[in-house]
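Numbering (the numbering used here), first residue to last: 189 to 400.
Backbone N, C-alpha and C define an ideal beta-carbon position, used for all residues, glycine too.
Since this is a predicted model, take the numbers as computed values, not measurements.
Input: a single structure, listed below in C-alpha cells.
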DNA sequence: AACATCAGCAACCGCGTGCAA
DNA sequence: TTTGCACGCGGTTGCTGATGT
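Structure (C-alpha cells):
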C-alpha cells in the first residue's frame, strides 16, 4: 500500500493521560510531518519522544511520533510482500510464543510488530484456525496458546522463563521444551546472524512437531 | 450506477514496567 | 519507599479501497 494520505479522526486531545488543553494533531501523517520527524531524529536521535514531539514542531504527542517512526519511517523497514518463508516463520513463532508480536517481529528483520500483528489478524489467524480445525479431526483438543509461556520481561533481557522455573523441560501444557529457551531468545546476544537463527529455529521447530 | 459489506492496515488507547529523583 | 515520567507492548478502532449485490 502507498503512503497513507487519508484523514482519520482529527479530534482535540488524545484521550486519557494528557491533561493539556493544546489541540493535538491526530490521524494520518502527512509527508511534511514525516519529513519533519525524520529530520529531527536524524540530528538528535530517537530518544525522548515527548521532547521530539514538541521540539520538532510537530503538533503530535510523543507516542504518535514514536509509533510513526518505528512502524514507518525507521530505516531498513520492509513493507508489504511478506514472503512464504516469513509467513511460515510467523506461524511457527506464534505457535511457540503466542501474541508476543514484538518478540516475533524481533526475529523478522525489517518487520514491525504492528505489521505482523495486522498480518496475523487479517491473514494468518484464519489459516491457523482452519489448521487447528483440520488437526482436530485427527486428534482432539490440541493445546491452545503459546507452547512456551512467558513472563513479561524487558526487551534485550532473558525474556523467557519456563513456568515451572529452573531448567525443567516440561512446560505447563505438556509440551516438551527441546532447547535452551533463555539462550535461544536472548536478543542481547546477537552473535549469531538472523539467518542462522531462523534456520536453527526452523530445524528445532521441525523436531518439536515430530515429537508431537 | 449506486449501495452494502468486507478486508487491510495505520493509528490510537490503556496498561505495565523500568528508572531516576 | 513513593512518585512521576518515559517507553514499550498488545488490543482495538475506524478509515479507505476492493468486491459483491
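**Message:** Please return the same chain residues whose Cβ sits closer than 7 Å to the Cβ of residue 266, not counting the five positions on each side in sequence.
**Reply:** Numbered from its first residue, the first chain carries residue 266 at position 78. Hits under 7 Å: 298 and 299.
**Request:** Using the Cα positions of residue 225 and residue 215, report the straight-line distance between them to the nearest angstrom.
**Result:** Within the first chain, numbered from 1, the residue matching residue 225 stands at position 37. Within the first chain, numbered from 1, the residue matching residue 215 stands at position 27. Distance between the alpha carbons of residue 225 and residue 215 is about 15 Å.
**Prompt:** By a C-beta neighbour count over all protein chains shown, 10 Å radius and 16 as the cutoff for buried, is residue 219 buried or exposed?
**Reply:** For the purposes of this step, residue 219 is identified with residue 31 of the first chain, where counting begins at 1. The residue is exposed, with fewer than 16 neighbouring Cβ atoms inside 10 Å.
**Asked** What is the DSSP secondary structure of residue 252, counted as helix, strand or coil?
**Response** The residue you call residue 252 lines up with position 64 of the first chain. In the structure shown, residue 252 sits in a helix (DSSP, three-state: H, G or I).
**Request:** Label residue 236 either buried or exposed according to how many other C-beta atoms from any shown protein chain fall within 10 Å of its C-beta, with 16 as the threshold for buried.
**Result:** Reading the first chain from its first residue, position 48 is the one you call residue 236. That one is exposed.
**Item:** Start and end residues, alpha helix (DSSP H) containing residue 217
**Value:** As a position in the first chain, residue 217 is number 29, starting the count at 1. Here residue 217 belongs to no alpha helix (DSSP H), and DSSP marks it neither H nor E.
**Asked** Quick one: Cα of residue 253 to Cα of residue 280, how far?
**Response** By one-based count along the first chain, residue 253 stands at place 65. By one-based count along the first chain, residue 280 stands at place 92. Their backbone Cα atoms lie some 32 Å apart in a straight line.
**Message:** Since residue 301 and residue 289 should fall inside the 8 Å C-beta cutoff, what is the C-beta to C-beta distance between them, to a whole number of angstroms?
**Reply:** Here residue 301 refers to the residue found at position 113 of the first chain. Here residue 289 refers to the residue found at position 101 of the first chain. Contact flag correct, Cβ pair sits at about 4 Å.
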